[in-house]
Structure formats: C-alpha cells, structure tokens
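Number of protein chains: 2
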Amino acid sequence: MTGIESSGRLPWRKATLARRDIPDAVVSRLPGYLQVLTDLAAAGERTIPSAELAVRSGVGPATLRKDLAHLGSTGTRGVGYQVDPLIATLRDCLGLNRPWRVVIIGAGHLGRALAAYPGFTERGFSLAGIVDVDAAAIGTRVGGVTIRHTDDLAELIADPPSTMAVIAVPALAAQRAADQAIALGVTGILNFAPVVLNVPASVEVRNVDLSTELQILAFHAGQPPADEHQEVS
Amino acid sequence: MTGIESSGRLPWRKATLARRDIPDAVVSRLPGYLQVLTDLAAAGERTIPSAELAVRSGVGPATLRKDLAHLGSTGTRGVGYQVDPLIATLRDCLGLNRPWRVVIIGAGHLGRALAAYPGFTERGFSLAGIVDVDAAAIGTRVGGVTIRHTDDLAELIADPPSTMAVIAVPALAAQRAADQAIALGVTGILNFAPVVLNVPASVEVRNVDLSTELQILAFHAGQPPADEHQEVS
DNA sequence: TAGATTGTTAATCGATTAACAATC
DNA sequence: TAGATTGTTAATCGATTAACAATC
Numbered sequence: 072m073t074g075i076e077s078s079g080r081l082p083w084r085k086a087t088l089a090r091r092d093i094p095d096a097v098v099s100r101l102p103g104y105l106q107v108l109t110d111l112a113a114a115g116e117r118t119i120p121s122a123e124l125a126v127r128s129g130v131g132p133a134t135l136r137k138d139l140a141h142l143g144s145t146g147t148r149g150v151g152y153q154v155d156p157l158i159a160t161l162r163d164c165l166g167l168n169r170p171w172r173v174v175i176i177g178a179g180h181l182g183r184a185l186a187a188y189p190g191f192t193e194r195g196f197s198l199a200g201i202v203d204v205d206a207a208a209i210g211t212r213v214g215g216v217t218i219r220h221t222d223d224l225a226e227l228i229a230d231p232p233s234t235m236a237v238i239a240v241p242a243l244a245a246q247r248a249a250d251q252a253i254a255l256g257v258t259g260i261l262n263f264a265p266v267v268l269n270v271p272a273s274v275e276v277r278n279v280d281l282s283t284e285l286q287i288l289a290f291h292a293g294q295p296p297a298d299e300h301q302e303v304s
Numbered sequence: 072m073t074g075i076e077s078s079g080r081l082p083w084r085k086a087t088l089a090r091r092d093i094p095d096a097v098v099s100r101l102p103g104y105l106q107v108l109t110d111l112a113a114a115g116e117r118t119i120p121s122a123e124l125a126v127r128s129g130v131g132p133a134t135l136r137k138d139l140a141h142l143g144s145t146g147t148r149g150v151g152y153q154v155d156p157l158i159a160t161l162r163d164c165l166g167l168n169r170p171w172r173v174v175i176i177g178a179g180h181l182g183r184a185l186a187a188y189p190g191f192t193e194r195g196f197s198l199a200g201i202v203d204v205d206a207a208a209i210g211t212r213v214g215g216v217t218i219r220h221t222d223d224l225a226e227l228i229a230d231p232p233s234t235m236a237v238i239a240v241p242a243l244a245a246q247r248a249a250d251q252a253i254a255l256g257v258t259g260i261l262n263f264a265p266v267v268l269n270v271p272a273s274v275e276v277r278n279v280d281l282s283t284e285l286q287i288l289a290f291h292a293g294q295p296p297a298d299e300h301q302e303v304s
C-alpha cells in the first residue's frame, strides 16, 4: 500500500486527512484513550472491545467507536481493537512520535511544581527550562534544570527549538510572557493565568484556571440534587 | 419583593429557575465574565456594553447576551449592563455568596503549590486543610495550614463542614482519596490525577490533566497551519 | 427624537446517541 | 456456522451565530 489512489481525493490530501479533519471535541478525548490503552498494554492486554475501553475512558461506546473511526479504523469486528497498534495510531495522530520541548515561564509555587511534575517527561515532553524575573529564585535547581532569568528566554527556546510554553506568572504579566514566547516561535501555550490571552490565530492556547474550576464546582454543589434517583453521568 | 407571584409557575419553581436551568456550556463561561467584571469594577467602570464585555471575555457578543439572559436579564437597551449588579447576579448564581471550604488531598509539589495559591482565598474559597500519608511532610506548614495525616481527613472535613476536595495524589491513590472524601460528604471534586474517577451521580468531578493539555497542544502544533490567512479564533 | 444596544427568534452548526447491517 | 463487535447511518440533542424588533 502506497497511500496513493487513482480515484477520489488527491494523494497529499489523503495523507493529511487523518490529522486534519478531526473535530476538537474528538481530539480532546484522544489523550484519555491513550492513557487507558497504555495501562492496558502494561497489564499485558492484547485486544479490547469498544465497550470496555469506553467505560474505562468515561465515554459511551458509540462515541468511542466514532472517535476512533476518525483515525482510520483499526478495530476488528467480532474481536475489538488491538491495543498496541491503536496506541501507535493515537501517538502518531497526536504528534507524540517526535520530541517536544517545553519552556515554563514563571518559577513561583506553581511553575516549580510543574517543573517537578514527573508526568511531564513520562509522556514525552522534555523540560527545556524555566525562567523568572525574581533574582532570589534564579540559580535554584528544580525538575532537573536551573531557573534562569526571563532575559534568557530566547536562548532556551532557540536551542534546541521548543514550540510549547507554559505560562505560570501572575495575571498582569501573562500577556507579556505570551508575546515574548510567540515572538520566539512558540505556537502552543498552556496558560495558568486567569486572563484571556490575545494571540494570533496560528497560536493555540489552552487555559487552565483553578478558581474557574472551583466556581463551577460551587455552582453544582449549590444546586439541589437534580433528582431523587441517581442519574448516570 | 417577595419573589412570590400569583400567576405563572409555582413560586418555588421560579426561585430555583435561575440556578437550575443553565446549560453546562454557559456555566463554564460565567467565572470568566465575573473575572472581567471584577477588573472593570476595580477600574471604576459603572456600565459596559455586551460587545466590549464579550471581547474581553473571549466570546462573541451574541453568546454573551444569550448567556446573561439565562440569569434573568440585567441589561438596559441602549446602554449596556451595570457592572456591580451584574457581578452580584453572577456571584449569586454561582453560589459564591456563602463560604466554601476546600480540602486538598496530597501534599506533593502540586498539592503544596495549590495550597499556597493566593487566587484560592482571593475568590472566596478558604483552605480547610491539606493531608498526606508521607510522614516527612506531615507537620510542615504551607498556605497558612499545617499538613496533617490523611487519617485526620474526617475531622478536617467535618468541622466546619467542607464540601469540596482537591485531589492531588498519584493516579493509583486517586480513587481511594475520592471514595474517602465522598464518604465524608464531599460533593465536588477537582481531580488532578490522570484517571477517570468512579463517583455517584450526586458528586460533581472536574478533571484537570496537564499531560492531556500538552498532548492537545502537540496535536495542533503538529498540524500544518490551517490557512495562509490568519483566522479569527 | 435619533442613536445605541439589548433580548429573543430562527437558522446554522456540530456533537452525541441509538440502532443495525456488515463482517470477523 | 453462531456469536460478537465493529463501522456507519440516521435521529436527536444542544450550542453558536446572525439578525432584528423592542426599547432605553
């Protein structure tokens, strides 16, 4: 199989299809599937039916099968999905088969906790460095790197190239941090500051805001229970 | 105003309507509006049109107005929204006008960073305590409280009552931590462990997973740019 | 009044779910 | 073959967007 077909779409179109046309809602569930499958592989499982992978991932079986169909279906009717090939497909689709380097901007409590987070490197993201403007913090070692001054950001990002930045600075400093990172070529930002970052459309931003999450929980906790009966979430 | 009306829906139904019938997608945006409005109030603004509140919140103006209409509309045609009353409405809707106590389970790097996070208390959530099983950590002070043993969780949650827990333990310990918290009456869980928690329908779980976010960024960063032209996100 | 801006409707868009023919 | 399970269709559901009459 060459991936080239004489009828239908153009070949290059075909090649990019798998990574291109996946809805955001689907993409956001793929890491969860990958996580569960990795655990299954470690436990020695070779195949798994959609029904079981679905419950372990916290989604419905129809949703799961439809999601996986977006990647080019790897299942076998009557059997289920083969764990290892599906892991490979997911990793390939998510772009995890190449090294990713991440820079952390902000070495406060949160930035340092993130630097020390083992899941970071466990899943293929390597820490390029961490920067701050606080003279007291600079020089300290954390997560295998030394905290450097924000002025050194250009060096850190350039060599070898990093394309992702984690912003863990106070709200007022976040936009400036984003601007600097973007100017240096960063195209993906994980933002922990409670502000809406203004970025060009070519840059992807994911926001994680702890107080937002707590407030959403407060909303639900403040509700009377939806019903006397337990509902399936 | 008594909130009781002789026509239309039953009075108790009316009273609960505002907090009940709000779609999840809307609820998830309310904290963002509240944040922006709080900044505006601090800057001395008295009113704001939907168009401006929308851009500052990163949503479309139609979405914003429709969202706010769910709370019972507080806008004035030709003028906009009054900042202070809208803040009050949002706080009331989210249930932020009562004290919320939060327990952190897990005093590793992340748990301690969360305990020290000022935004926690700034927005009305007070730290009831933080627990761990590691003898070396117990007794240490962080974020104004002393790390205690997980065996003391019952005391911490009971007096005065806490209804929210933050889970910041390793994946393998997360379900147990959730079970314990739920048994003690917790109804809202903010889960940082990369596992799907199994909880009754009466308990609300919000998941925050750092590697998931990075993987989603990797997917987008691995994509060729969507278009030559910049798109409005 | 004239200008501005809301609240709401209707249309569009996208995501989820159920069901079942295809097929291992 | 008989049983199991996928891939896919069609139906449902919910969320977003555009447009404009209502009204300050």
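First to last, the sequence lines map onto chains C and U. Numbering of the first sequence is given in the working numbering, commencing with residue 72 and proceeding in unit increments. Numbering of the second sequence is given in the working numbering, commencing with residue 72 and proceeding in unit increments. We put the beta carbon where it would ideally sit given N, CA and C, even for glycine.
- A direct Cα-Cα distance of roughly 14 Å separates U/Leu198 from U/Arg169.
- Distances from the CA of C/Ala206 to each of C/Gly179, C/Leu165, C/Ala140 and C/Val97 were compared; the closest alpha carbon is that of C/Gly179.
- Every beta strand (DSSP E) stretch that sits fully inside the region 177-255 of chain U and reaches 3 residues is listed by chain position as 196-203, 216-220 and 235-238.
- Listed along the chain, the chain C residues whose CB falls inside 7 Å of the CB of U/Val98 are Ile287 and Phe290.
- Scanning C/Phe290, C/Asn262 and C/Ser273 for the CA closest to the CA of C/Ile176 turns up C/Asn262.
- Among the residues facing chain C, U/Phe196 is included, as its CB has a counterpart in that chain under 7 Å away.
- DSSP, reduced to helix, strand and coil, places C/Glu275 within a strand of the structure shown.
- Residue burial annotation: U/Gly215 is exposed, with fewer than 16 other C-beta atoms found within 10 angstroms of its C-beta.
- Only Cys164, Leu165, Gly166, Leu167, Arg169, Trp171, Val173 and Gly179 from the region 157-179 of chain U bring a Cβ to less than 9 Å from some Cβ of chain C.
- Excluding its 5 nearest sequence neighbours in each direction, U/Leu181 has C-beta neighbours in its own chain below 7 Å: Ala239 and Phe263, listed in chain order.
- Under the three-state reduction of DSSP output, U/Ile175 falls in the strand class.
- Contact between U/Val173 and U/Val270 fails: their C-beta atoms lie close to 17 Å from each other, not under 8 Å.
- Only buried fits C/Pro102, as 16 or more other CB atoms lie within 10 angstroms of its CB.
- Contact between the region 219-231 of chain C and the region 183-198 of chain C is absent: fewer than three C-beta pairs spanning the two stretches fall below 8 Å.
- The three-state secondary structure of U/Gly103, taken from DSSP, is helix.
- In this structure, the alpha-carbon of U/Ser121 lies about 39 Å from that of C/Cys164.
- Along the region 263-288 of chain C, going in chain order, the ones with a CB nearer than 7 Å to a CB of chain U are Pro265, Val267, Pro271, Ala272, Ser273, Glu275, Arg277, Val279, Leu281, Ser282, Thr283, Glu284, Leu285, Gln286, Ile287 and Leu288.
- The beta carbon of C/Gly190 sits closer than 7 Å to some beta carbon of chain U.
- Rounded to the nearest angstrom, the gap between the Cα atoms of C/Val97 and U/Ala187 is 35 Å.
- With contact defined as three or more Cβ pairs closer than 8 Å, the region 280-287 of chain U and the region 102-115 of chain C are in contact.
- The alpha carbon of U/Ile218 has as its nearest neighbour, out of U/Pro231, U/Thr145 and U/Gly200, the alpha carbon of U/Gly200.
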